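Residues 88 to 1215 in my numbering are what the sequence shown spells out, letter by letter.
Report on the following structure.
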Amino acid sequence: MLKEEQPVGTPVLRVTATDPDPRQTIEYSFVTTPGERARFRIDKSTGEITTAHIFDRDEPIREKEIYITVRATDNGRPRLDDVCTFKVTILDINDNPPVFDKVRYEESVTKDMKANLRVATISATDMDDGDNSIIKYEIVQQNADSSYFKINENNGLLTLTKPVDRSPGQFYSIRVRAYNVDPLDEAVQDAEVDVKVRVVESNKLPPYFTKVQTMPIVLNETFKNYTESLADFEAESNILEKPEVIFELIQGRAEQTNSKNTFLLEQINNTASIKLGKTLDYETVTEYTLTVSVKNSHDLVAETVLKIKVLDENDIIPVFTEVTSGTIPEDEPPGTPVMQVRAYDLDGTPANNIVSYRFDDENQQLFHIDSRTGNITSLVEFDREATDSYHLKIIAEDNSPSALYRNGKPNSISQLFIIKISDKNDHQPKFVKDHFVAENVPEDANINTVVIEVTALDQDTASLITYSIIEGNVGDAFKIDENTGRISVNSRLDYETIREYMLIVQADDGIFQDNATVSIKIENVNDNPPRFIDLRNVTIQEETIPSGCIMTIQAYDPDIENRDEPQHIRFSFVKEQEDLLEIDDNGCLRLRKALDRDPPQGFKSWQFIITATDEDGAGKKTPATVNIFLEDINDNAPRLSNPMPVVWGENRSPGLIVRLTAEDVDEAQNGPPFHFSIDPNAPYEIKERFQVQGDELYALVEFDREEQKEYRVPIRISDSGEEPMSDVSILQLVIGDDNDNEMRPGESRIFVYNYKGESPNTEVGRVYVDDPDDWDLPDKTFQWDDATRHQSVDFFDLNRDTGMITMLQGTRGGEYELNFHVIEQSSHFPRHNVTAKVTVTVKEIPEEAVDKSGSIRFHNVTAEEFVTRTPGQLTTPKDRLQTSIANTLNVSRENVDVFTVLKRDNANGTFLDVRFSAHGSPYYAPERLNGMLGYRLRQLEEDVGLSVLMVGIDECIEEGRNCELSCKNTLYKSNVPIAVYTNTSSFVGVNAFVQAECVCEAPSPSLTCLNGGFLVNDHCSCPEGFEGPHCEMLGIGFYGNGYALYPPISPCNMTRISVELSPQQEDGLVMYIGPLNYNPRLPVQDFLALELVKGLPVLLLDYGSGTIRIEHRHRYPQGKPFTVEIVL
């Protein structure tokens, strides 16, 4: 039994079958009819049955009981099976709420109606079964109207409890609840309906039935007369002047209450007839409850109920399950079970659905069938050699006369079944050979490699032979497939351990056995790597190359039994060590280069990896580590270890400056104590100013920082080795500043580029005064000049302690003159103050200028040097660059902006990146700026006086430095500026720089329309001749030496370039990608060039390893267009 509405996977039961034959595996499966929906699952190994479907016992599905037939099949030869059939009963649960006959009730009472009289009957039905379908009623106490009525909890009879106190036309509204209960009297399912009771005048009476059907009507389910009246109803209106009435067959909310219009009502005058509207089916609905209402012209209603019962008839034919064959072994005694046939009948009552079985040929004497169960047994003993199968026609019939054929006979169905006679196991299996041999099985054979197949034969067709290894399988080296007899490798073989296996295998048919021997011979292969003998470390003196072998490496091959035979081993190093060592085939290890013991390039011990390879260098390898320990020699002079620089204040009396310390990378016996002295080759001024006594450095004079700020004192240091080593170290001595000079008035200039006018508060430079002292900032105080303070404080701020000027956010472009007073006080002179003037030029630079900027990377110059006037010249490198760009582009110098000066550090050193823009109207494209300056690279360097590393900064130019495959240059910009401070001038520029991104992507499309085009509905409307999506020229012609510059192509993992050509000449350069000038400072000179040579496309390509020339052999007609595709 199974409760309805249980989830899929709910356990039902477990079926179990037994097999008297030994070592049989039983498999379970369902027997189903064609097209039958799978409602259960069965585990083929355990027989566990679970649901594959959620069952519903109630209407409209009505799954009350299901028959399941299970087949159990063994794995013998032939495969035998048995079936069993059982019934699963679906138990009802309370899963359906009551359903009212009407959506809402509208009833009436007269003004003078007495208490305790009937008002109406509220009726509901429940599709559940048994106690789950019992319904009770109650009035929901939600308002005062509820007190006027009561309802019978068992039958829904609604009565008046007190006199009507409302006028005609008014009404009472109540709500009735129908519910059912569980065994604990707790409501579990319910429904509610509104009931409206209208008050009518006392003289207005409802209609009344004069003819009703009081007894239930009984119909056979095969009844199909749609014109016959099943019941007639007549009524009077109770209104003399208006005798007409209207009948209605109430359509309920369940099929039992005519929700599907199974019955219809026809009215003639004041008579109504009930007729059949659809076919009946006992298996779907067994009883209908119809409500007939009649209404007069006062809209008053009367009702009556008609019961119609449906009788089950034998209108369904039995159906066989899909089992159509059975098996019985030969020589079995009479009465042996053969099989069970099974059919089922879906009629609704036992009077029509009990199935019995019989043979069509009732005179056959070989088999017997039980008419009730369908079990077939034998009547004789069968001989398979005489007949191996029999055909039986079986008839299944139900137990009452057919309602389909009306012939007085039951419904029946016939099916042909085959009974097979199976063979018995009465012969011994026999191997085809007594001895099997497997030659040359390699010892390194993979696991599961088949080495041989043994075969045994059995005269019994039903016998299933299984194979096994019963002896000789040392270490489970082999395994045998029990069904096929294939013997395969089960574990690693080793020729050096076992060279031949002698197995005994057995064939077993379940009763009889036979044995055979299998010889498996193992073949030796090179499966063992070489092994080193007595591998030791060696110690030698550093910086020497001993003659002969520093050691001899020995190894042997375990696959060669005799160690005295040649081992055919070759020795080698990793490639990186080949310039240091060499080794011959005899293992003689020699030094090729002296080894250093001392830092920074040397080590106390050097580790080398030596590889021994057998089979003369073509076989297996074994690496080993050899350590060469180095004995120290005194080959390094000591070096100063004092922290640098050493500071000695100016104006101090002569005395001890610092105690000298040194370090020596040699061992202690070649190190301290050290001897210090002024280098005899030192300049005269050093010897006059400094002296070394022991390990102490002394000043012999007073120093003046304004005379010289720094000294480099050469100190000669000697160690205490057996053969002492000495060398000169430079001691960096800085003369500390003392504020001993009065300051004088000063002037300075500051130039600021304000990006998009959005720069935040920015420190742009310090107030400058002329003062030889440079460590005296704590002695100074900075103040605004009162006369000009009010003009400047809205745009600039001053730090009184440091003199730093801050440009405030929102400062607009223009020139600002700032005036200050600087106050200074020192022990060397009295308090005094001077004036300082700072001219600040602010220029706003738009985003377009930065986006379209060119770029140059300079070599060997600092940012401070770039913005400071060059010694011996009147201009700065920045000024000269601005002039050179203007001359190259033939534009006014005022139209050139050099707005970024940025120090950049990378793996190749420190560089200075400069970005610039130029405009006529609008700003020039970066391709033009970089192309024209790159073409005149030598002139540019001469003009500026600096070395250029590259024009058009490209972080992707060196393959593999930033990205392995794809690489794209991305320009980053910030409105936070970068500043370069010097004494008399400062430069504040835009923080813009290029960075490599390891992606390959096309530039994002913009909505910019070029060449006079304008935007219309997200598309560019272009002048004639400009067909591109942004009004570009898609076609361009060159005459003579014309050219066009395009943005550089970012390197990608795969790049495709497509060019359509229509040449008018046979020779010419079509496209070039690469540097415009040779630059020896740039490590990369890759290029690509597409040329036409005698009308043939020629591609020149250099990735740094030499130029490749690729020629296309097809000649294209001159003047005819063709496409060249380049895939990189």
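Cβ coordinates follow ideal geometry from the N, Cα and C atoms, glycine included.
Remember, predicted model here, so these are calculated numbers, not experimental data.
Any idea which residues DSSP pairs ASN714 with across the strands?
By DSSP's assignment, ASN714 forms a beta bridge with GLN694.
Simplified DSSP state of ASP1030, which is helix, strand or coil:
helix
With respect to 7 Å, is the separation between the Cβ of ASP984 and the closest non-hydrogen atom of the ligand HEM below this value?
This structure does not include the ligand HEM; it has no bound ligands of any sort.
Own chain, CB closer than 7 Å to ILE585, minus 5 neighbours either side, in chain order
These residues qualify, in order along the chain: VAL561, ILE609.
With distances taken from CA atoms, which of ILE129, PRO109, PRO107, ALA125 is nearest TYR115?
ILE129
Since ASP806 and ASN721 are thought to touch, with beta carbons under 8 Å apart, how far apart are those beta carbons, to the nearest angstrom?
By a beta-carbon distance limit of 8 Å, ASP806 contacts ASN721. Their separation comes to about 7 Å.
Can you look up MET1158 in the DSSP assignment and give me helix, strand or coil?
strand
Would the stretch 935-949 and the stretch 1033-1042 be scored as touching if the rule is three or more Cβ pairs under 8 Å?
yes
Which of helix, strand or coil DSSP assigns to ARG657
strand
DSSP state of ALA786, grouped into three classes?
strand
Between the stretch 735-751 and the stretch 701-715, do at least 3 Cβ pairs fall closer than 8 Å?
no
Does the contact criterion of 3 or more C-beta pairs under 8 Å hold for the stretch 312-320 versus the stretch 155-169?
no
When the Cα of SER813 is compared with those of GLN819, PRO801, GLY823, which residue comes out closest?
PRO801
Count the C-beta pairs between the stretch 597-614 and the stretch 673-691 that are closer than 8 Å, then say yes if the count reaches three, no if not.
no
Across the stretch 396-407 and the stretch 495-505, are there enough close Cβ pairs to call them in contact, namely three or more that are closer than 8 Å?
yes
THR391: first and last residue of the uninterrupted beta strand (DSSP E) it sits in:
Residues 388-398.
Nearest residue (CA-CA) to VAL937, options SER879, ASN977, PRO1009
PRO1009
Straight-line gap, TYR369 to LEU393 (C-alpha atoms, nearest Å)
18 Å
In this structure, does DSSP put GLY1018 in helix, strand or coil?
helix
Since PHE506 contacts TYR477 with CB under 8 Å, what's their CB separation in whole angstroms?
A small fix is needed here, since residue 506 is Ile in this sequence, not Phe. Indeed, because the Cβ distance is near 5 Å, the residues count as touching under 8 Å.
Cα-Cα separation, ARG876 to PRO1110:
Cα-Cα distance, rounded: 56 Å.
Taking contact to mean at least 3 C-beta pairs separated by less than 8 Å, is the stretch 838-849 in contact with the stretch 772-791?
no
Beta-carbon proximity of THR656 to ALA724, cut-off 8 Å:
With the sequence shown as reference, residue 656 is identified as Ile, and Thr is not the correct amino acid for it. The answer is no: Cβ separation not under 8 Å.
Below 8 Å, how does it come out for the stretch 1053-1072 and the stretch 840-856: are there three or more Cβ pairs, yes or no?
yes
Tell me where the alpha helix (DSSP H) around LYS774 begins and ends.
In the DSSP assignment, LYS774 falls within the unbroken alpha helix (DSSP H) covering 771-776.
Going by other Cβ atoms of all chains shown within 10 Å of its Cβ, with 16 needed for buried, is LYS930 buried or exposed?
exposed
What's the gap between the Cα of ASN183 and the Cα of ASP568?
59 Å
Assess, as a yes-or-no matter, whether the stretch 139-155 is touched by the stretch 90-100 under the definition of 3 or more beta carbon pairs within less than 8 Å.
yes
Can you name the start and end residues of the beta strand (DSSP E) that ARG1196 belongs to?
1194-1198
Could you check if TYR1130 is buried or exposed, using at least 16 other CB atoms within 10 Å of its CB as the buried criterion?
In the assembly as shown, TYR1130 is an exposed residue. Its beta-carbon has fewer than 16 other beta-carbons within 10 Å.
Rounded C-alpha distance that separates THR344 from MET426:
47 Å
Which value, in whole angstroms, describes the spacing of the CA atoms of ASP563 and ALA525?
17 Å
Can you give me the Cβ contacts of PHE790 inside the same chain, cut-off strictly under 6 Å, excluding the 5 residues immediately before and after it?
GLU737, ILE822
The alpha helix (DSSP H) enclosing ILE972, as first and last residue numbers
964-976
Using the DSSP secondary-structure output, state which residues sit across from GLN600 in a beta bridge.
ASP595
Three-way DSSP call (helix, strand, coil) for GLU829 in this model:
coil
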